[in-house]
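Peer 1:
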Amino acid sequence: MKNFVQPGVNITLPASPYAVDSGEGVLAGQLFGIACGDAENGAEVTIQTEGVFDIAKDSDDVFTLGAPVYFDTATKTARSHGDTDSNSAGDSEACIGVSIAAAGAGASTVRVKLCVPVALA
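In the numbering used here, the protein residues as written are 1 to 121.
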């Protein structure tokens, strides 16, 4: 195939609109991945777009097995519902994957199988 570029598991892009630490989520439009290293705002960072990760969540959010998981760039946390993101000029948040284990109130993380994000209607 002459048009093949790369497998696409790891993508390098600018960390924007915020600096990221290794292991934090990066959402660029509808592209989501987990930072493979630290990067200042605007610096290049490689993200992993496939796999299963424990992602920080608000302790009040509750996830059931198989529930959709959204990402909030304002808090850099997983959410159990899509909403308008305060850092994306009113754009809808992306669904970044599904919960592969229940995560109740009080839990600090949710275990997520990353999926191709789907924009909310």
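Where is the CB? At the ideal position from N, CA and C, for every residue including glycine.
1. So, using beta-carbon positions, are residue 97 and residue 76 closer together than 9 Å?
2. Straight-line CA distance for residue 122 to residue 6?
3. Do the CB positions of residue 78 and residue 61 come within less than 9 Å of each other?
4. Rounded to the nearest angstrom, how far is the Cβ of residue 37 from that of residue 45, given a contact under 8 Å?
5. Consult DSSP for residue 64 and reduce its assignment to one of helix, strand or coil.
6. Tell me whether residue 111 counts as near the ligand MN, meaning its Cβ is closer than 8 Å to at least one heavy atom of that ligand.
Peer 2: With the given structure in hand:
1. With a cutoff of 9 Å on beta-carbon distance, residue 97 and residue 76 are scored as not near each other.
2. Because the chain is modelled from 1 through 121, residue 122 falls outside the range shown and cannot be assessed.
3. Yes, the Cβ-Cβ distance between residue 78 and residue 61 is below 9 Å.
4. Yes, residue 37 and residue 45 are in contact; Cβ-Cβ is about 6 Å, under 8 Å.
5. Coil, per DSSP.
6. This structure lacks the ligand MN; in fact it carries no ligand of any kind.
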